[in-house]
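Following: one structure in structure tokens, then a few remarks.
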Amino acid sequence: MSLALVLGGTRSGKSARAEALASATGLPVTYVATGAAIDDEMRARIAAHRAGRPDTWATVEPHPGTDPLATAARIARHGGCALLDGIGGWIATALHEGAADPDAAARAVAGAATRLAQSAPSAPGHVIVVAEQVGAGVTPMDALSRTWVDLVGDVSRTLAVASATVELVVAGGVVPVTTPSAPAAVDLAALRTHGDTAVRPGDADHAVNVLADGTPGWLRDVLRDALETTSGRYPDERVAVAALAGLHGRDPREVVPANGAAAALWLLGPALRPRRAAVVHPAFTETEAGLRAYGIPVVRVLRDPAAGFALDPDAVPDDADLVVVGTPASPSGTLDPRAAVLALRRPGRTVVVDEAFMDLVPGEPGSLAACPDAPDDVVVVRSLTKSLALPGLRAGYALAAAPVADRLRAVRPPWSVNAVALAALAAVARRPEVLAAAAARAQAEREDLVARLDGLPHARTWPSATNFVLVEIPDGPRVVAALRDRGIAVRHAATFPGLGPDHLRLTARDATANAKLADALADVLTPVPLA
Numbered sequence: 061m062s063l064a065l066v067l068g069g070t071r072s073g074k075s076a077r078a079e080a081l082a083s084a085t086g087l088p089v090t091y092v093a094t095g096a097a098i099d100d101e102m103r104a105r106i107a108a109h110r111a112g113r114p115d116t117w118a119t120v121e122p123h124p125g126t127d128p129l130a131t132a133a134r135i136a137r138h139g140g141c142a143l144l145d146g147i148g149g150w151i152a153t154a155l156h157e158g159a160a161d162p163d164a165a166a167r168a169v170a171g172a173a174t175r176l177a178q179s180a181p182s183a184p185g186h187v188i189v190v191a192e193q194v195g196a197g198v199t200p201m202d203a204l205s206r207t208w209v210d211l212v213g214d215v216s217r218t219l220a221v222a223s224a225t226v227e228l229v230v231a232g233g234v235v236p237v238t239t240p241s242a243p244a245a246v247d248l249a250a251l252r253t254h255g256d257t258a259v260r261p262g263d264a265d266h267a268v269n270v271l272a273d274g275t276p277g278w279l280r281d282v283l284r285d286a287l288e289t290t291s292g293r294y295p296d297e298r299v300a301v302a303a304l305a306g307l308h309g310r311d312p313r314e315v316v317p318a319n320g321a322a323a324a325l326w327l328l329g330p331a332l333r334p335r336r337a338a339v340v341h342p343a344f345t346e347t348e349a350g351l352r353a354y355g356i357p358v359v360r361v362l363r364d365p366a367a368g369f370a371l372d373p374d375a376v377p378d379d380a381d382l383v384v385v386g387t388p389a390s391p392s393g394t395l396d397p398r399a400a401v402l403a404l405r406r407p408g409r410t411v412v413v414d415e416a417f418m419d420l421v422p423g424e425p426g427s428l429a430a431c432p433d434a435p436d437d438v439v440v441v442r443s444l445t446k447s448l449a450l451p452g453l454r455a456g457y458a459l460a461a462a463p464v465a466d467r468l469r470a471v472r473p474p475w476s477v478n479a480v481a482l483a484a485l486a487a488v489a490r491r492p493e494v495l496a497a498a499a500a501r502a503q504a505e506r507e508d509l510v511a512r513l514d515g516l517p518h519a520r521t522w523p524s525a526t527n528f529v530l531v532e533i534p535d536g537p538r539v540v541a542a543l544r545d546r547g548i549a550v551r552h553a554a555t556f557p558g559l560g561p562d563h564l565r566l567t568a569r570d571a572t573a574n575a576k577l578a579d580a581l582a583d584v585l586t587p588v589p590l591a
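Using our numbering, the first residue of the sequence shown is number 61, and each one after it goes up by one.
Okay, structure coming up:
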């Protein structure tokens with residue numbers, strides 16, 4: 061998607077310039093309006109503006125609570141041109157609607173701009189944004205007007221970084237602010253960042269999303285026995301495959317063990333060779349890293365926090381022949397209905413469902429791992445890392461129709477899963493009651509943490525189905541550092557596409573540990589000013 065930003069003062073000609081750019085794309089144009097008809101004079105302005113646009117253009121009128129940047133991105137994902145005019149009107153409306161909590165309204169505006177900037181390089185259409193050039197005059201006398209000026213400047217700067225062109229219109233003349241450039245490079249280091257790097261020896265660990273207390277004793281006995289009896293021969297995965305097939309009611313030919321779920325996800329690129337992959341974010345970032353490592357073009361489809369991070373199948377570009385979605389998704393903990401996941405299916409497309417956290421959800425609602433209704437074009441990836449505390453052992457697997465499973469197996473290195481991990485897979489698959497107990501524990505610990513977080517000043521949380529909670533707080537980096545000074549590690553979520561520096565993922569622990577975390581958060585959040 062080509063993103064263009066057109067700046068200008070009042071009556072500078074910025075709208076006319078943006079309309080000319082939209083016409084020049086040759087694409088179907090949708091005008092995304094932001095000005096609200098609050099009085100007769102404004103209604104007359106809107107009518108005159110509409111009359112001056114081509115009859116062939118569609119118009120999306122503003123509605124309370126909507127995000128016009130998300131609307132513009134959706135139009136571009138489907139190959140059209142969205143002209144959003146303009147940023148100032150949208151921000152003014154957002155501040156008016158959020159008058160009871162201007163801080164929250166400001167964060168929502170900033171988050172929407174960040175999401176558009178992150179998705180800009182990866183859609184086939186175009187977005188043209190008109191913004192007021194403000195701040196060159198007298199500083200406004202009231203706080204709300206100053207907030208408006210600040211936000212218009214901040215949003216303009218955020219969009220400018222991701223824009224192919226930025227122009228300033230002065231008295232009808234166009235002054236280039238930037239020259240056309242390549243899309244912003246993907247931050248591969250961010251994609252390879254994980255919660256374990258945040259934990260120091262001795263820290264209270266609320267960063268790593270593995271159940272605490274380590275591997276259960278019965279499973280450690282299995283691992284020790286496997287090490288003693290199998291280390292002298294090459295691994296044989298047939299016993300583990302049969303046990304996993306029995307657990308999920310699958311044919312053994314449909315089970316592909318892997319060196320953890322991450323390794324299974326890294327098989328997608330070389331095995332399936334998609335022309336264009338879509339990854340639903342925020343989610344486990346190794347999926348995108350693995351696809352990009354094999355030169356696969358990737359488009360990011362961002363879940364909307366204002367919609368509770370719900371999965372929107374229509375947001376996925378039609379030409380994506382591989383779609384990867386996590387459910388429950390990390391770091392939001394969102395559990396998607398089975399119908400929403402299945403709605404991603406299209407002829408010629410493979411849907412990959414990352415269910416690495418599904419065994420932490422009692423009853424596994426919405427899981428596509430079981431055989432009776434598992435479609436041939438859906439691949440499910442699972443893990444034992446979280447529920448049985450096996451992050452160092454690496455034990456995961458993929459479930460797929462036999463032809464697809466054969467393609468995944470074909471690109472694995474020989475003996476790619478060690479004998480000890482295979483023993484763990486087999487042993488756990490034969491004891492589903494152990495997984496059920498782990499899920500019940502994860503639910504209880506999460507509910508305890510959520511109850512303790514309720515009422516924290518300036519903190520927003522989202523419903524989660526697994527053992528962690530996503531929180532948005534003011535000045536996230538300062539809060540993370542303050543918790544670190546107290547010996548508490550949390551997962552800073554800014555490296556997840558679609559999230560920003562004020563998002564944290566908090567892993568739930570037992571009641572004592574949760575209480576200490578909640579108390580520490582209350583201490584460090586209380587001094588934060590509202591403005």
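We put the beta carbon where it would ideally sit given N, CA and C, even for glycine.
Do residue 316 and residue 465 have their CB atoms nearer than 8 Å?
yes
Taking Cβ to Cβ, would you say residue 332 is nearer than 8 Å to residue 382?
yes
Count the other CB atoms, across all protein chains shown, that sit within 10 Å of the CB of residue 421; report buried if there are 16 or more and exposed otherwise.
buried
Contact defined as beta carbons within less than 8 Å: I believe residue 454 pairs with residue 481. What is the distance between those atoms, to the nearest angstrom?
6 Å
Can you check the stretch 193–238 for any beta strand (DSSP E) of at least 3 residues that lies completely inside it and give the ranges in chain order?
225–230, 233–236
Three or more C-beta pairs below 8 Å linking the stretch 495–510 and the stretch 460–478:
no
From residue 63 to residue 134, what distance separates their C-alpha atoms?
13 Å
contact_flag[the stretch 281–288, the stretch 474–489] where n(CB pairs < 8 Å) is 3 or more:
yes
For the structure I just gave you, are there three or more beta carbon pairs, one from the stretch 531–540 and one from the stretch 549–559, closer than 8 Å?
yes
Closest to residue 186 by C-alpha separation, out of 139, 155, 460, 412, would be which residue?
139
Residue 121 lies in the beta strand (DSSP E); which residues open and close that run?
Residue 121 -> no beta strand (DSSP E), and no H or E assigned at all.
Let me check one thing: in DSSP terms, what residues is residue 544 bridge-paired to?
None, per the DSSP bridge assignment.
Given a threshold of 16 other Cβ atoms within 10 Å of its Cβ, counted over all protein chains shown, does residue 242 qualify as buried or as exposed?
Note on residue 242: pLDDT 43, under 50, position unreliable in the model; the coordinate value appears next. Label assigned to residue 242: exposed.
DSSP three-state call for residue 64: helix, strand or coil?
strand
Could you tell me the distance, in whole angstroms, from the CA atom of residue 119 to the CA atom of residue 82?
13 Å
Per the DSSP calculation, residue 8 is bridged to which residue(s)?
Residue 8 cannot be examined here, being either before or after the span of the chain that is shown, 61 to 591.
Go ahead and label residue 239 buried or exposed: buried means 16 or more other beta carbons lie within 10 angstroms of its beta carbon, across all protein chains shown.
Any reading at residue 239 must be qualified, since the residue scores a pLDDT of 48, below 50, and its modelled position is unreliable; the value itself is stated next. Residue 239 comes out exposed.
Between the Cα of residue 437 and those of 384, 137, 188, 129, spot the shortest distance and give me the residue it belongs to.
384
Along the chain, where does the alpha helix (DSSP H) that runs through residue 284 open and close?
277–290
Applying the 10 Å Cβ sphere with the 16-neighbour rule, what's the burial state of residue 91?
buried
Residue 459 by DSSP, collapsed to three states: which one?
strand
Test item: CB-CB of residue 162 and residue 94 under 8 Å
no
Taking just the CA atoms, how far does residue 516 sit from residue 575?
12 Å
Cut-off 6 Å between Cβ atoms - residues of its own chain near residue 411, not counting five sequence neighbours on either side
383, 404, 405, 438
Taking 8 Å as the threshold (C-beta atoms), are residue 400 and residue 428 in contact?
no
Own chain, CB closer than 6 Å to residue 380, minus 5 neighbours either side, in chain order
336, 338
Ordered along the chain, which non-local residues of its own chain (more than five positions away) have a Cβ less than 7 Å from that of residue 376?
338, 361, 383, 404
If the criterion is Cβ atoms closer than 8 Å, does the pair residue 173 and residue 219 meet it?
yes
Kindly list the residues whose CB is nearer than 6 Å to the CB of residue 148, restricted to its own chain and excluding five residues on each side of it in sequence; keep chain order.
192, 212
Name the DSSP bridge partner or partners of residue 317?
457
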